[in-house]
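Undergrad: Please read through the structure below; I'll follow up with questions.
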Amino acid sequence: MAKKLMKGCEAIAESAIQAGCRFFFGYPITPQNDIPEYMSARLPKVEGGCFLQAESEVAAINMVYGAAAAGARVMTSSSSPGVSLKQEGISYIAGAELPCVVCNMMRGGPGLGSIQPSQGDYFQATKGGGHGDYHLIVLAPSSVQEAVDLMHNAFDLADIYRTPVMLLADGIIGQMMEPVEFHEHEKRELPEKPWAVTGYDPKGDRKRAIVNSLYIEVDELQEMNDRLQARYKQIQEKEVMVEKYRTCGAEVIVCAYGTVARICKSAIALCEEKGVKVGLVRPITIWPFPEKELQEVMAQDSVKRELTVEISAGQMHEDVRLAINGTKPTDFYGKPGSYTPTAEEIAEYILKTREA
Amino acid sequence: MNTVFKKTPVLTDTIMHYCPGCGHGIVHRLVAEVIEELGIQDRTIGFVPVGCAVFGYKYFNIDCVEAAHGRAPAAATGCKRVNPNNIVFTYQGDGDLASIGAAEIVHAAHRGEKITTIFINNAIYGMTGGQMAPTTLVGQKTTTSPYGRDPEHCGKPIRIAEMIATIEGAAYVERVSVDSTPNIRKAKAAIKKAFQCQIDRKGFALVEVLSSCPTNWGKSPSEAMDWIKSDMIPYYPLGVKKDITNE
Numbered sequence: 375m376a377k378k379l380m381k382g383c384e385a386i387a388e389s390a391i392q393a394g395c396r397f398f399f400g401y402p403i404t405p406q407n408d409i410p411e412y413m414s415a416r417l418p419k420v421e422g423g424c425f426l427q428a429e430s431e432v433a434a435i436n437m438v439y440g441a442a443a444a445g446a447r448v449m450t451s452s453s454s455p456g457v458s459l460k461q462e463g464i465s466y467i468a469g470a471e472l473p474c475v476v477c478n479m480m481r482g483g484p485g486l487g488s489i490q491p492s493q494g495d496y497f498q499a500t501k502g503g504g505h506g507d508y509h510l511i512v513l514a515p516s517s518v519q520e521a522v523d524l525m526h527n528a529f530d531l532a533d534i535y536r537t538p539v540m541l542l543a544d545g546i547i548g549q550m551m552e553p554v555e556f557h558e559h560e561k562r563e564l565p566e567k568p569w570a571v572t573g574y575d576p577k578g579d580r581k582r583a584i585v586n587s588l589y590i591e592v593d594e595l596q597e598m599n600d601r602l603q604a605r606y607k608q609i610q611e612k613e614v615m616v617e618k619y620r621t622c623g624a625e626v627i628v629c630a631y632g633t634v635a636r637i638c639k640s641a642i643a644l645c646e647e648k649g650v651k652v653g654l655v656r657p658i659t660i661w662p663f664p665e666k667e668l669q670e671v672m673a674q675d676s677v678k679r680e681l682t683v684e685i686s687a688g689q690m691h692e693d694v695r696l697a698i699n700g701t702k703p704t705d706f707y708g709k710p711g712s713y714t715p716t717a718e719e720i721a722e723y724i725l726k727t728r729e730a
Numbered sequence: 471m472n473t474v475f476k477k478t479p480v481l482t483d484t485i486m487h488y489c490p491g492c493g494h495g496i497v498h499r500l501v502a503e504v505i506e507e508l509g510i511q512d513r514t515i516g517f518v519p520v521g522c523a524v525f526g527y528k529y530f531n532i533d534c535v536e537a538a539h540g541r542a543p544a545a546a547t548g549c550k551r552v553n554p555n556n557i558v559f560t561y562q563g564d565g566d567l568a569s570i571g572a573a574e575i576v577h578a579a580h581r582g583e584k585i586t587t588i589f590i591n592n593a594i595y596g597m598t599g600g601q602m603a604p605t606t607l608v609g610q611k612t613t614t615s616p617y618g619r620d621p622e623h624c625g626k627p628i629r630i631a632e633m634i635a636t637i638e639g640a641a642y643v644e645r646v647s648v649d650s651t652p653n654i655r656k657a658k659a660a661i662k663k664a665f666q667c668q669i670d671r672k673g674f675a676l677v678e679v680l681s682s683c684p685t686n687w688g689k690s691p692s693e694a695m696d697w698i699k700s701d702m703i704p705y706y707p708l709g710v711k712k713d714i715t716n717e
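Taken in sequence, the protein lines are chains D and A.
All letters in the first sequence, in the order written, are residues 375 to 730 by our numbering.
All letters in the second sequence, in the order written, are residues 471 to 717 by our numbering.
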């Protein structure tokens, strides 16, 4: 299939439909409006498709809850303040063990923040976000093409592990246009959904379906939490995705995700011109975090230090520090809010701190 | 032997946790009997609330979803849109529907969502221990209005049935009561009509049921039923508020 020039948000929406998403519930917020707009035009033309604009983000995520409970491939999207509103529902979806996909086109915060790109929702996305002990699988694309490809993973992973999956992108991914190619994806084996509420026939084989996150007895709640934790362990073992770029023999390892990782690649080229070998570890799943992969890269004799770059006050840097665990020096470059660093700034910082 | 009464198979055999004299047990039975009589057990999905009816999924012998506080109409919307042939209802109390879920119920009605809502108005928060609800009567003492509800401080009780009836998308809205046998019979007829409204794809239907909470009202079961009649019905008049199901 020929490449097509598409805006990130629209490409994500199209890819979701191609991945089998037939239901979308959302509420307008910048910079992700192109997703619901695209869905509102396309889904009614797709067999069995339905787009509905909810009265709020709170309602939208609960519509997702109801549609997922009925067994559908369903998605919502929003941006930071809107995703905060969805957290209650996401916690219920995690507790009720339902599959769905949530897209967050991050903007600056806290509060109403800005409409420019940011990476300030890393904590919220990777540490749970709502109440209770749960995780989302969080996918962080660094190009429009990667976002398109990851949508297929997102829906499959949600179904396989019965968990909400988040596509976490900074606003740049959503708003920029890039050439993309939609191609067939390898189909993973997907489980049946005998737990879905579709109507109970007392004379039938299927037992009554109850979608619920309430376990009033301590032992029952423990059982549910143990089940979730066992699943998270499995995800950590099997589903880590990471890109290692020029890490072999590097002196400095940069750790970054999303658009910032691409800027870091330009910074790495600038450092190379000065004769300094810098490599990049780019988590594609930021939960599960590629802990082992980062440790392996850092264990090389050539590696002297690590630098994390983010549009935040250093949120992912906490996971990087946990992974490196004091074995080598680590540092952070970046600002909270919406300030996107340039390749020159990053390169300059790497060279300066190297000399120091 | 001649069977004169049989429990509906749409209720499970699980012993209900409701207090003596609580109206929930009556309304559960009415809803279940209606589902049986309409022959829709195998395609009905129940969305139960946060509140006293939170364990509704244990009692209704159908597929059920436990929704977040106030969000049942939104969750039911998602389900109904996926499988339009399912009969989807929400069962919600006054804290759930009239307070925290006010937006969700208004917009489900506004969209003309083809779902049915059974709204239990007992003028108080039951599950959490008797706090003031938006439906608490003026002067009524609760654990968060210990001197009686003061309208200067927190307004007058909200009339949900009348409010929903003003919304275009609502096809059928009625207020009923379970304080007496004749009223219970009328309540069942209204619930049946509300489900029929959905089967016929006419639009959104809501039945507000005035119900008792002896435990949190500090009354005996019979005093509680009397109080519905003496104090609730005068403020919350019974009857059909809107019916366009024949149009």
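Glycine is no exception: its CB is placed at the ideal position from the N, C-alpha and C atoms.
By the 10 Å Cβ neighbour count, where 16 or more other Cβ atoms means buried, how is Val648 of chain A classified, buried or exposed?
TA: buried
Undergrad: Taking Cβ-Cβ distances shorter than 7 Å, what residues in chain A pair up with Asn586 of chain D?
TA: Tyr527, Glu536
Undergrad: By Cβ distance below 6 Å, which residues in the same chain neighbour Cys477 of chain D in space, the five residues on each side in sequence not counted?
TA: Ser451, Leu541
Undergrad: Three-state secondary structure (DSSP) at Glu719 of chain D?
TA: helix
Undergrad: Within the 8 Å Cβ cut-off, does Gln498 of chain A reach chain D?
TA: Sequence inspection shows His at residue 498 of chain A; the Gln mentioned does not correspond to that position. His498 of chain A does not count as touching chain D.
Undergrad: For a contact meaning CB atoms closer than 7 Å, what does His577 of chain A contact in chain D?
TA: Glu429, Ala433
Undergrad: Which one of D:Asn586, D:Gly548, D:Val420, D:Pro418 has the shortest CA to CA distance from Pro491 of chain D?
TA: D:Gly548
Undergrad: Which same chain residues end up closer than 6 Å to Pro543 of chain A when comparing Cβ atoms and leaving out the 5 residues on each side of it in sequence?
TA: Thr560, Glu574, Ile575, Ala578
Undergrad: Can you name the residues of chain D whose CB is closer than 7 Å to the CB of Arg671 of chain A?
TA: Those within 7 Å of Arg671 of chain A in chain D number zero; the least Cβ separation is about 16 Å.
Undergrad: Given this structure, state the Cα-to-Cα distance separating Glu462 of chain D from His505 of chain D, to the nearest angstrom.
TA: Rounded to the nearest whole angstrom, the CA to CA distance from Glu462 of chain D to His505 of chain D is 7 Å.
Undergrad: Could you have a look at Pro691 of chain A and say whether DSSP puts it in helix, strand or coil?
TA: helix
Undergrad: For Arg605 of chain D, which option in D:Ala444, D:Ser676, D:Ile511 has the closest C-alpha, if you only look at C-alpha atoms?
TA: D:Ile511
Undergrad: Entirely within the region 555 to 639 of chain A and at least 4 residues each: give me those alpha helix (DSSP H) ranges in chain order.
TA: 572 to 580, 621 to 624, 630 to 635
Undergrad: What does Asp575 of chain D touch in chain A if you count any residue whose Cβ is under 7 Å from its own?
TA: Asp512
Undergrad: Run the CB neighbour count on Ser458 of chain D, radius 10 Å, all protein chains shown included, and call it buried at 16 or more, exposed below.
TA: buried
Undergrad: Can you check the region 612 to 650 of chain D for any alpha helix (DSSP H) of at least 4 residues that lies completely inside it and give the ranges in chain order?
TA: 633 to 647
Undergrad: I'd like to know if the region 581 to 592 of chain A and the region 630 to 647 of chain A are in contact, where contact means that at least 3 CB-CB pairs between them fall below 8 Å.
TA: yes
Undergrad: I'd like to know whether the C-beta of Met413 of chain D is nearer than 8 Å to at least one C-beta of chain A.
TA: no
Undergrad: Confirm, please, whether the CB-CB distance from Gly483 of chain D to Gly494 of chain D is below 8 Å.
TA: yes
Undergrad: Closest Cβ-Cβ distance between Thr572 of chain D and chain A: below 8 Å?
TA: With a threshold of 8 Å between beta carbons, Thr572 of chain D makes contact with chain A.
Undergrad: Three or more C-beta pairs closer than 8 Å, one from the region 579 to 598 of chain D and one from the region 637 to 646 of chain D: is that the case here?
TA: no
Undergrad: If the cut is a Cβ gap below 7 Å, which residues of chain D does Ala546 of chain A touch?
TA: By Cβ distance, chain D contributes Gly440.
Undergrad: Tell me, which residues are paired with Tyr642 of chain A by DSSP?
TA: A:Ala675, A:Asp713
Undergrad: Assign Ser700 of chain A to buried or exposed, taking buried as 16 or more other Cβ atoms, counted over all protein chains shown, within 10 Å of its Cβ.
TA: So Ser700 of chain A counts as exposed.
Undergrad: Using the rule of at least 16 other Cβ atoms within 10 Å of the residue's Cβ for burial, across every protein chain shown, is His509 of chain D buried or exposed?
TA: buried
Undergrad: Give me the residue from A:Arg499, A:Gly521, A:Leu676, A:Ile532 with the minimum Cα distance to Ile510 of chain A.
TA: Its Cα nearest to that of Ile510 of chain A, the residue A:Ile532 stands out among A:Arg499, A:Gly521, A:Leu676, A:Ile532.
Undergrad: Within 8 Å (strictly less), CB to CB, does Cys549 of chain A reach chain D?
TA: yes
Undergrad: Considering Pro652 of chain A, what are the terminal residues of the beta strand (DSSP E) in which it resides?
TA: Segment 651 to 669 is the alpha helix (DSSP H) holding Pro652 of chain A; no beta strand (DSSP E) there.
Undergrad: State yes or no: is the beta carbon of Ile515 of chain A nearer than 8 Å to at least one beta carbon in chain D?
TA: yes
Undergrad: If we cut at 8 Å on Cβ distances, does Ala573 of chain A have a partner in chain D?
TA: yes
Undergrad: Please tell me whether Cys622 of chain D has its Cβ less than 8 Å away from any Cβ of chain A.
TA: no
Undergrad: Where do the N-terminal and C-terminal ends of the alpha helix (DSSP H) with Asn527 of chain D fall, by residue?
TA: 518 to 535
Undergrad: Is Phe529 of chain D close to chain A, meaning its C-beta is less than 8 Å from at least one C-beta of that chain?
TA: no
Undergrad: Would you kindly report the start and end of the unbroken beta strand (DSSP E) that includes Arg679 of chain D?
TA: 679 to 684
Undergrad: Between which two residues does the alpha helix (DSSP H) harbouring Val554 of chain D extend?
TA: That residue, Val554 of chain D, is in no alpha helix (DSSP H); its beta strand (DSSP E) goes 551 to 554.
Undergrad: Shorter than 8 Å from the beta carbon of Phe399 of chain D to some beta carbon of chain A?
TA: yes
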